[in-house]
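Trainee: The sequence shown lines up with residues 157 to 419 when you count with this note's numbering.
Glycine included, C-beta positions come from ideal geometry on N, C-alpha and C.
Note that the coordinates shown come from a computational prediction; the quantities given were computed from them, not determined experimentally.
The structure is given below, and queries will be raised subsequently.
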Amino acid sequence: MEYRLAMLDIDGTLQHAGSWNPGAPELLDLLRTRGITVALCSGRTSASMTWLGDRVPHAAFVAANSGSTVWERVGDEWTVLAHRSLGAAQVGEIVATAEAAGIEVWAHTERDWLARERTPRVERDESFVGDTALLEDATSRDDVGKLLLLSSHPSHEPVARSLAALPGVAAVSSSEIFMDLVPEVSAAGKGGDVLVERLGIGWDEVIAIGDGENDLGMISQAGLGIAISPISVDDLAPARPGQIRHGVADTAGALSVLRASLG
């Protein structure tokens, strides 16, 4: 199979706390030398992802907000290919329910990161993601592609997951404390549906590598899927005929699989 697109998660997969993991630069360089289009995919905001994309010159696309917002590099600029939003009523219900349970909530629109106040968690993320939060209430917004619920107590995760019962809403964890509430279509492929349509290819021509629950959709659909611990191939949706899947411990393991797969 000739692979034409590689979808790569950022935090945990390629980086940790803003620093590249061992094997990540070599993995990116391998894809570049093989002429495989690179898309960086993350739960991060659009500003953070385009900022990061500027630091990976051969990244042609970035998918932000766990797949809700997809950008394409055009020359020296980034242009929006797609932005999928939660409904205003859904946003209002999610925010009200979460805040009543004591859960901190951030909202990601096509371009902005909204927070009700500048908390220590906001300041910590601002320090390494290349974005700055706007202090605004998102409750009545109809352009929110992702609501991020930040757990600080064991009781918070069940509340966050229960909100996926709302029509068209998916709940996917993007870290031990982050729960992303996004449109179902976003979670299903982390933006890959937009990318394969844009490139005129099929999912069998896609490589997907990730380490989190919000990566399971793209890894499950890709022709070559690499699941990095703590997720495993057992977490993926049932495979189609011809799909290839690997589970590895870390980024260096993903690089080894990629080298063997590309020959």
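How big is the Cα-Cα spacing for E260 and K346?
Mentor: Residue mapping note: residue 260 aligns to position 104 of the sequence shown, counting from 1. Residue mapping note: residue 346 aligns to position 190 of the sequence shown, counting from 1. Going from the Cα of E260 to the Cα of K346 covers about 23 Å.
Trainee: Considering only residues of the segment 177-224, which uninterrupted alpha helix (DSSP H) runs meet the minimum length of 4 residues and lie entirely inside it, listed in chain order?
Mentor: Taking only runs of at least 4 residues, the alpha helix (DSSP H) segments lying wholly in the segment 177-224 are 180-189 and 202-209.
Trainee: Given A162, which residues of its chain have a CB within under 8 Å of its CB, disregarding the five upstream and five downstream residues?
Mentor: Taking the sequence shown and counting its residues from 1, one reaches residue 162 at position 6. Correct list, in chain order: L187, I192, T193, V194, A195, V362, I363, A364 and I365.
Trainee: In terms of residues, what are the limits of the beta strand (DSSP E) holding S329?
Mentor: Here residue 329 refers to the residue found at position 173 of the sequence shown. Unbroken beta strand (DSSP E) run through S329: V325 to S329.
Trainee: How big is the Cα-Cα spacing for W176 and S202?
Mentor: Translated into positions along the sequence shown, residue 176 becomes position 20. Translated into positions along the sequence shown, residue 202 becomes position 46. Looking at the two C-alpha atoms, the distance is approximately 20 Å.
Trainee: Let's test the definition: count the other Cβ atoms within 10 Å of the Cβ of G419 and tell me whether it reaches 16, buried, or not, exposed.
Mentor: In the sequence shown, residue 419 corresponds to position 263, counting from 1. When all chains shown are included, G419 counts as exposed.
Trainee: Using the Cβ count rule (16 or more neighbours within 10 Å means buried), how would you classify T108?
Mentor: Any answer about residue 108 is impossible in this case: the structure gives the chain only from 157 up to 419.
Trainee: Name the residue from P323, A326 and A383 whose alpha carbon lies nearest to the alpha carbon of S412.
Mentor: On the sequence shown, residue 412 is found 256 positions in, with the first residue counted as 1. For the residues P323, A326 and A383, the minimum Cα distance to S412 belongs to A383.
Trainee: C197 to V212, Cα distance in whole Å?
Mentor: On the sequence shown, residue 197 is found 41 positions in, with the first residue counted as 1. On the sequence shown, residue 212 is found 56 positions in, with the first residue counted as 1. When rounded, the distance between both Cα atoms is 13 Å.
Trainee: In chain order, what residues of the same chain have a beta carbon less than 8 Å from the beta carbon of A219, not counting five sequence neighbours either side?
Mentor: The residue labelled residue 219 in the question sits at position 63 within the sequence shown. Cβ within range, chain order: M163, A195, L196, C197, S198, M205, T225, V226, W227, K346, G347, G348, V350 and L351.
Trainee: Going by alpha carbons, who is nearest to A238 out of G231, T169, G223 and G286?
Mentor: To locate residue 238, count along the sequence shown from 1; it is residue 82. Residue G223 is the option with its Cα nearest to A238.
Trainee: Would L380 pass as a contact of L183 if the rule is Cβ separation under 8 Å?
Mentor: By 1-based counting over the sequence shown, the position of residue 380 is 224. By 1-based counting over the sequence shown, the position of residue 183 is 27. It is not a contact, given that the beta carbons lie outside the stated cut-off.
Trainee: At what residue ranges does the segment 337-381 contain a whole run of the beta strand (DSSP E), taking only runs of 3 or more?
Mentor: Here the runs fully enclosed are 362-366.
Trainee: Beta strand (DSSP E) containing H402: first to last residue?
Mentor: Residue mapping note: residue 402 aligns to position 246 of the sequence shown, counting from 1. First-last of the beta strand (DSSP E) with H402: I400 to V404.
Trainee: By the three-class DSSP mapping on this structure, what secondary structure does H312 have?
Mentor: Counting from 1 along the sequence shown, the entry for residue 312 is found at position 156. Helix at H312.
Trainee: For the alpha helix (DSSP H) containing E279, name the first residue and the last one.
Mentor: Along the sequence shown, read from residue 1 onward, the residue named residue 279 stands at position 123. Element bounds for E279: P276 to V285.
Trainee: Using the rule of at least 16 other Cβ atoms within 10 Å of the residue's Cβ for burial, across every protein chain shown, is S329 buried or exposed?
Mentor: The residue given as residue 329 occupies position 173 in the sequence shown. Buried, because 16 or more other Cβ atoms sit within 10 Å of the Cβ of S329.
Trainee: Please state the DSSP three-state secondary structure of T253.
Mentor: Position 97 of the sequence shown, counted from the first residue, corresponds to residue 253. It is helical.
Trainee: Is it the case that the Cβ atoms of S443 and G301 are separated by a distance below 8 Å?
Mentor: As shown, the chain starts at 157 and ends at 419. That puts residue 443 outside it, with no answer to give.
Trainee: Please report the distance separating the alpha-carbon of A294 from that of P397.
Mentor: The residue labelled residue 294 in the question sits at position 138 within the sequence shown. The residue labelled residue 397 in the question sits at position 241 within the sequence shown. Cα to Cα, A294 sits roughly 43 Å from P397.
Trainee: Based on the DSSP output, what are the partners of L305 in its beta bridges?
Mentor: Sequence index remark: in the sequence shown, residue 305 carries index 149 (1-based). Answer by DSSP bridge pairing, in chain order: V261 and M335.
Trainee: Could you say which of P178, G409 and A254 lies nearest to H312 if we only look at CA atoms?
Mentor: Residue numbering aside, residue 312 sits at position 156 when the sequence shown is read from its first letter. It is A254 whose Cα lies nearest to the Cα of H312.
Trainee: Could you say which of E282, A263, A393 and R277 lies nearest to D298 if we only look at CA atoms?
Mentor: Mapped onto the sequence shown, residue 298 falls at position 142. Ranking the options by Cα distance to D298, first place goes to A263.
Trainee: Can you name, in chain order, every residue of its own chain whose Cβ lies under 6 Å from the Cβ of A448, other than the five neighbours on each side?
Mentor: Limits of the chain in this structure are 157 at one end and 419 at the other, which puts residue 448 out of reach.
Trainee: Going straight from the alpha carbon of R277 to that of R200, what length do you get?
Mentor: As a working mapping, residue 277 is identified with position 121 in the sequence shown. As a working mapping, residue 200 is identified with position 44 in the sequence shown. Straight-line Cα distance between these residues: approximately 14 Å.
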